[in-house]
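Here is the structure we will look at.
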Amino acid sequence: MLLMMLYIFMVTLLAGLLQAMTGFGFALIAAPLLMLVMNSKDMVVFNLLISTIVIVIMICQTLSKGQFKKIGILFAVSIIGTYAGTTVMGIINDDILEIFIGIVLILVTLAMNSKVNINMANHTLAKMGAGFFSGFLGATTSLGGPPVILYMMSQKEEKEVIRANLARFFLLSNIITIIMFYFSGNLQITHLSSYLWVAIPATLIGHCLGDRAFSLIKKNNFQRIVLGVVLLSAVVTICRGIWQIVQ
Numbered sequence: 036m037l038l039m040m041l042y043i044f045m046v047t048l049l050a051g052l053l054q055a056m057t058g059f060g061f062a063l064i065a066a067p068l069l070m071l072v073m074n075s076k077d078m079v080v081f082n083l084l085i086s087t088i089v090i091v092i093m094i095c096q097t098l099s100k101g102q103f104k105k106i107g108i109l110f111a112v113s114i115i116g117t118y119a120g121t122t123v124m125g126i127i128n129d130d131i132l133e134i135f136i137g138i139v140l141i142l143v144t145l146a147m148n149s150k151v152n153i154n155m156a157n158h159t160l161a162k163m164g165a166g167f168f169s170g171f172l173g174a175t176t177s178l179g180g181p182p183v184i185l186y187m188m189s190q191k192e193e194k195e196v197i198r199a200n201l202a203r204f205f206l207l208s209n210i211i212t213i214i215m216f217y218f219s220g221n222l223q224i225t226h227l228s229s230y231l232w233v234a235i236p237a238t239l240i241g242h243c244l245g246d247r248a249f250s251l252i253k254k255n256n257f258q259r260i261v262l263g264v265v266l267l268s269a270v271v272t273i274c275r276g277i278w279q280i281v282q
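Here my numbering is used: the first residue of the sequence shown is 36, the next is one more, and so on.
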């Protein structure tokens, strides 16, 4: 039990650090590592609750950088995706969900490392697509960041603005997801309470470290870190998925 708590402490510390540095990295690092000790559905709920704490802190720290109006369309459409995702959560089994997570991560990694940009004449349509898939992936895998990141990076925003607007988007998205999980019966946290008490201080420590590191990162290095994190998570999760198949 002690080793389990220590493992969760270290995972959430690293995830909190990454979230503070990039604005979205909590689930990308935590999801594949926590799936080694939790089932997929517990992992999604756990990540959702802990990452929300970091997001609230980030919003308080970036009041002058981000604007809720810039993420309005993204968020509105993500609600539809979240509803679709919570519906899937109620009918899909854990093994299929783990394979799905791995496939999503590897596809996103290939796209981002190929420097795919969203150069569409209708940017409203691009926003809607990013918002829907972010909501769907957030509800089913807790990995809702990559679609929105792809869109925002294609708009050539400064790293401070990307980080601030991502925090605002995911706060609203997480709140909606938590509400939908509650009414769909997927918000089961009683058996996770001991893990949450360990994860909260670890995440706060990680956030403090990540916030300091963020101020030292140049824009090009910021993008490399984002892509590197997605790649690492993809490799780990795909290996997990393959292991489940061969067993």
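Using N, Cα and C, we set each Cβ at its ideal position, and we do this for glycine too. Please read all numbers here as calculations on a predicted model, not as lab measurements.
Query	Result
Is the stretch 47–54 close to the stretch 241–249, with three or more CB pairs under 8 Å?	yes
Can you confirm whether Gly116, when its beta carbon is compared against all beta carbons of chain C, has any partner nearer than 8 Å?	The chain inventory of the structure shown lacks chain C, comprising one protein chain alone.
For Arg259, which option in Met215, Lys194, Tyr230, Leu206 has the closest C-alpha, if you only look at C-alpha atoms?	Lys194
How many Å lie between Ile153 and Tyr186 at the Cα?	Reliability of the predicted coordinates at Ile153 is poor, the pLDDT of 49 falling under 50, and the value obtained from them is presented with this limitation in mind. Approximately 6 Å, taken between the alpha carbons.
Count the other CB atoms, across all protein chains shown, that sit within 10 Å of the CB of Met45; report buried if there are 16 or more and exposed otherwise.	exposed
In the DSSP assignment, the alpha helix (DSSP H) including Val72 goes from what residue to what residue?	Counting along the chain, Val72 falls outside any alpha helix (DSSP H), and DSSP gives it neither H nor E.
Considering Cα atoms alone, identify which of Lys191, Ser219, Leu142 is closest to Pro182.	Leu142
Just the C-alpha distance for Ile211 and Ser189, rounded to the nearest angstrom, thanks.	26 Å
One question on the structure: do Met56 and Ile252 come within less than 8 Å of each other, judged by their Cβ atoms?	yes
Within the same chain, show all residues whose beta-carbon is closer than 7 Å to that of Leu41, passing over the 5 residues directly before and after it, in chain order.	none
For Asp77, which option in Val281, Ile90, Phe216 has the closest C-alpha, if you only look at C-alpha atoms?	Phe216
Apart from the five residues on each side of it in sequence, which residues of its chain come closer than 6 Å, Cβ to Cβ, to Thr87?	Asn209
Whole angstroms is fine: what's the gap from Leu38's alpha carbon to Gly107's?	43 Å
Within this structure, are the beta carbons of Arg247 and Gly58 separated by less than 8 Å?	no
Buried or exposed: where does Ser250 fall if 16 or more other Cβ atoms within 10 Å of its Cβ makes it buried?	exposed
Could you tell me if Gly263 is buried or exposed, where buried requires 16 or more neighbouring beta carbons within 10 angstroms of its beta carbon?	exposed
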